[in-house]
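Under my numbering, the letters of the sequence shown match residues 43 to 112, in that order.
In this text, a Cβ means the ideal position worked out from N, Cα and C, and glycines have one as well.
Since we're looking at a predicted model, the values are computed, not measured.
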Amino acid sequence: MKKLTLEEFGAVMKSALYEKSLNEDLRLGQCVFNATGFYFPEVANSLKATGADCFHQDSKIIHFVNAILE
43 MKKLTLEEFG
53 AVMKSALYEK
63 SLNEDLRLGQ
73 CVFNATGFYF
83 PEVANSLKAT
93 GADCFHQDSK
103 IIHFVNAILE
């Protein structure tokens, strides 16, 4: 699986926070996963339904970040 640089991760987080600002009903984990899937679909798909999948649980965001960063 491709790992993201800090610069790439910064772009993902900027997009995730923007998505969250547009729709407060979304959880941050959903926004982070969605933004990763938009920019790096292979990365998001490789973590879908794993212990690092933060889409359904915000508490897994740190595991997701650890899995995708170089």
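Inter-residue Cα distance where the pair is residue i and residue j
i   : j    : result
L46 : L111 : 5 Å
F82 : V107 : 13 Å
V74 : Y60  : 10 Å
F97 : E84  : 15 Å
A53 : K62  : 14 Å
Beta carbon of residue i nearer than 7 Å to that of residue j
i   : j   : result
D95 : R69 : no
T92 : A86 : no
Exposure label - residue i; buried when at least 16 CB within 10 Å
i   : result
G71 : buried
K56 : exposed
A58 : buried
K44 : exposed
L64 : exposed
L89 : buried
L80 : This sequence places Phe at residue 80; Leu is not what is there. F80 is exposed by the Cβ-count criterion.
For residue i, the residue or residues it bridges with in DSSP
i   : result
L46 : L111
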